[in-house]
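J.:
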Amino acid sequence: MIGGAEIKPILVVNVADSYWGSSRRPGAMLRVMKALNKRVSEEIRNIVLEAVREHPEHAFHVTSNLNWHRYEKQIEQVATTLPHGRILDVGCGLGHTASMLAACRPDLQIVGVDVADWQSWVKLAKHGPRFLICDALALPFRNEFDAVISFGVMEHTGDEDRFLRQVNSVLRAGGNMIIFNLPNRYALSEAAARVMNIWHHDRTYTRERIVGLVQGAGFSVVNMKRESLVPAQVDRISESLSSLFNRYYLQLDRMDSWLTRPPLSIFAENWTIYAGKP
Ligand SMILES: C[S@@+](CC[C@H](N)C(=O)[O-])C[C@H]1O[C@@H](n2cnc3c(N)ncnc32)[C@H](O)[C@@H]1O
Numbered sequence: 010m011i012g013g014a015e016i017k018p019i020l021v022v023n024v025a026d027s028y029w030g031s032s033r034r035p036g037a038m039l040r041v042m043k044a045l046n047k048r049v050s051e052e053i054r055n056i057v058l059e060a061v062r063e064h065p066e067h068a069f070h071v072t073s074n075l076n077w078h079r080y081e082k083q084i085e086q087v088a089t090t091l092p093h094g095r096i097l098d099v100g101c102g103l104g105h106t107a108s109m110l111a112a113c114r115p116d117l118q119i120v121g122v123d124v125a126d127w128q129s130w131v132k133l134a135k136h137g138p139r140f141l142i143c144d145a146l147a148l149p150f151r152n153e154f155d156a157v158i159s160f161g162v163m164e165h166t167g168d169e170d171r172f173l174r175q176v177n178s179v180l181r182a183g184g185n186m187i188i189f190n191l192p193n194r195y196a197l198s199e200a201a202a203r204v205m206n207i208w209h210h211d212r213t214y215t216r217e218r219i220v221g222l223v224q225g226a227g228f229s230v231v232n233m234k235r236e237s238l239v240p241a242q243v244d245r246i247s248e249s250l251s252s253l254f255n256r257y258y259l260q261l262d263r264m265d266s267w268l269t270r271p272p273l274s275i276f277a278e279n280w281t282i283y284a285g286k287p
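Counting with my numbering, you get residues 10 to 287 for the letters of the sequence shown.
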């Protein structure tokens, strides 16, 4: 029982082959995973919403139903992909991704780190992860994690090369890195935000730049894909658009899956990168 809700263990066939290729299969072919229970996900979401209540302008990523739904899907992807062992969530922010992963993979030892200290960590620790304040550019670990996950962080550190080298140094040989939500240089949403003079990322990335950075830090790039053509952060445009998006987020998500294919995917918001430490 987690959060009062029963979670039924399900057997998951390793879908990782589609991401990692048959020569880089992280772990056994079959493993037990718990589906991310809606109630647990909402419990985690309420804890982080409470932590950002006084800063709603910095909370779109957890207030947007579409964005939260994307986290849930990303975590399910990670949960079915990763082997057993120790996982580091670099730049974990409020701690929701580490906690959601712990909820569906209680076998994993999960550590979340961030330069900022978040009050949500105390309540989220009951879901399993440990949280630590530390700089991603000076991680206090060596060769000890089986995987590193990171959601929307590298572009904010100011030094991508150092970030990736640090991640490489904390992984054991054969370990995996998954980076989510890295801004795409050609994202329609970034271009629109620049034109509208609202918040946008200073650093955005092309495929070539990412491959150069990731390989330069000692990884082999296993797979890269662009995700999310439909933007989730519409609260920056208008409140009514934001409530419309919150109401129809499942339909928007279905439309997004349909739209985010070549050639339109060139303009998607983010990159997801799967890489391995040889
Ligand atoms: C866009 S937020 C993403 C947070 C979280 N991963 C999520 O998806 O909600 C970027 C995070 O990176 C963290 N961050 C930025 N620079 C960092 C650094 N040098 N070391 C560790 N964390 C850093 C910030 O404190 C912030 O929590």
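All C-beta atoms, glycine included, are put in the ideal place defined by N, C-alpha and C. As the structure is a computational prediction, the values presented were derived from the model and not from experiment.
What residues in its chain sit with their C-beta under 6 angstroms from that of A226, if we drop five residues either side in the sequence?
T.: For the purposes of this step, residue 226 is taken as the residue at position 217 of the sequence shown. Excluding positions up to five away in sequence, the list reads L173, R174, N177.
J.: For P192, write down the residues that DSSP places opposite it in a beta bridge.
T.: As a position in the sequence shown, residue 192 is number 183, starting the count at 1. Answer is N279, bridged to P192.
J.: For I84 and D98, I'd like the C-alpha separation in whole angstroms.
T.: To locate residue 84, count along the sequence shown from 1; it is residue 75. To locate residue 98, count along the sequence shown from 1; it is residue 89. If I take the Cα positions, the gap works out to 12 angstroms.
J.: Identify which residue in K286, C101, D265, Y283 has its Cα closest to the Cα of F276.
T.: Reading the sequence shown from its first residue, position 267 is the one you call residue 276. Among K286, C101, D265, Y283, the Cα nearest to that of F276 belongs to D265.
J.: Where DSSP assigns a beta bridge to L91, which residues make up the other side?
T.: In the sequence shown, counting from the first residue as 1, residue 91 sits at position 82. L91 is not bridged to any residue.
J.: Just the C-alpha distance for T90 and G167, rounded to the nearest angstrom, thanks.
T.: Along the sequence shown, read from residue 1 onward, the residue named residue 90 stands at position 81. Along the sequence shown, read from residue 1 onward, the residue named residue 167 stands at position 158. Answer to the nearest angstrom: the Cα atoms are 29 angstroms apart.
J.: Nearest-angstrom Cα distance between N206 and S129?
T.: Locating residue 206 in the sequence shown gives position 197, counting from the first residue. Locating residue 129 in the sequence shown gives position 120, counting from the first residue. Distance between the alpha carbons of N206 and S129: 32 angstroms.
J.: Touch check for the stretch 270-285 and the stretch 185-202: three-plus C-beta pairs under 8 angstroms?
T.: Contact between the stretch 270-285 and the stretch 185-202 is present, because at least three Cβ pairs lie under 8 angstroms.
J.: Using a Cβ distance threshold of 8 angstroms, determine whether the stretch 246-264 contacts the stretch 69-79, with at least three qualifying pairs required.
T.: They touch, by the three-pair rule.
J.: In this structure, how does DSSP classify G36 when only helix, strand and coil are distinguished?
T.: Taking the sequence shown and counting its residues from 1, one reaches residue 36 at position 27. Reliability of the predicted coordinates at G36 is poor, the pLDDT of 44 falling under 50, and the value obtained from them is presented with this limitation in mind. Looking at G36 - three-state DSSP - the assignment turns out to be coil, as it is neither helix nor strand.
J.: In this structure, how does DSSP classify D211 when only helix, strand and coil are distinguished?
T.: Residue mapping note: residue 211 aligns to position 202 of the sequence shown, counting from 1. Here D211 sits in coil by DSSP.
J.: Are there three or more Cβ pairs, one per stretch, closer than 8 angstroms when the stretch 131-140 is compared with the stretch 153-172?
T.: With a cut-off of 8 angstroms, the stretch 153-172 and the stretch 131-140 do not count as touching, because too few Cβ pairs lie within range.
J.: Please report the straight-line C-alpha distance between A107 and P271, rounded to a whole angstrom.
T.: Position 98 of the sequence shown, counting from 1, holds the residue named residue 107. Position 262 of the sequence shown, counting from 1, holds the residue named residue 271. Rounded to the nearest angstrom, the two C-alpha atoms are 31 angstroms apart.
J.: Which two residues bound the contiguous beta strand (DSSP E) that contains S274?
T.: In the sequence shown, counting from the first residue as 1, residue 274 sits at position 265. Taken as a continuous stretch (DSSP letters only), S274 belongs to no beta strand (DSSP E), as it is neither H nor E.
J.: Would you say F154 touches ligand 1, meaning its beta carbon is less than 7 angstroms from a heavy atom?
T.: The residue labelled residue 154 in the question sits at position 145 within the sequence shown. False, no ligand heavy atom lies under 7 angstroms from that Cβ.
J.: Curious, which full-length beta strand (DSSP E) runs of at least 3 residues does the stretch 204-253 contain?
T.: Whole beta strand (DSSP E) segments, 3+ residues: 229-236.
J.: What residues match up with M186 in a beta bridge as DSSP calls it?
T.: For the purposes of this step, residue 186 is identified with residue 177 of the sequence shown, where counting begins at 1. DSSP output for M186 lists V157, A284 as bridge partner(s).
J.: Where does W208 land, buried or exposed, given buried means 16+ other C-beta within 10 angstroms?
T.: Position 199 of the sequence shown, counted from the start, is the residue given in the question as residue 208. Exposed, by the Cβ-count rule.
J.: Could you tell me the alpha carbon to alpha carbon distance between R6 and G121, rounded to whole angstroms?
T.: With the chain covering only 10 through 287, there is no way to say anything about residue 6.
J.: Could you check what DSSP says for L173 in three-state terms: helix, strand or coil?
T.: In the sequence shown, the residue the question calls residue 173 occupies position 164. Helix, per DSSP.
J.: Using the Cα positions of V57 and K47, report the straight-line distance between them to the nearest angstrom.
T.: Taking the first residue of the sequence shown as position 1, residue 57 is located at position 48. Taking the first residue of the sequence shown as position 1, residue 47 is located at position 38. Cα to Cα, V57 sits roughly 15 angstroms from K47.
J.: Along the alpha helix (DSSP H) that carries V49, what are the first and last residues, could you check?
T.: Walking along the sequence shown from the start, residue 49 turns up at place 40. From DSSP, the alpha helix (DSSP H) with V49 extends over 47-60.
J.: Look up V120 in the DSSP assignment and give the residues it is bridged to.
T.: Residue mapping note: residue 120 aligns to position 111 of the sequence shown, counting from 1. DSSP lists L97, R139 as partners of V120.
J.: Please report how far the alpha carbon of G100 lies from the alpha carbon of S249, in whole angstroms.
T.: Along the sequence shown, read from residue 1 onward, the residue named residue 100 stands at position 91. Along the sequence shown, read from residue 1 onward, the residue named residue 249 stands at position 240. So the alpha carbons of these two residues sit roughly 31 angstroms apart.
J.: For a quick check, are the C-beta atoms of K286 and A201 less than 8 angstroms apart?
T.: Numbered from its first residue, the sequence shown carries residue 286 at position 277. Numbered from its first residue, the sequence shown carries residue 201 at position 192. Against a cut-off of 8 angstroms, the Cβ pair of A201 and K286 comes out as no contact.
J.: Kindly identify the DSSP beta-bridge partner or partners of L180.
T.: By 1-based counting over the sequence shown, the position of residue 180 is 171. In the DSSP output, where bridge partners are listed per residue, L180 has F154.
J.: CB of L261 to nearest heavy atom of ligand 1: below 7 angstroms?
T.: Residue 261 sits at position 252 when you count from the first residue of the sequence shown. No, the beta carbon of L261 sits no closer than 7 angstroms to any heavy atom of ligand 1.
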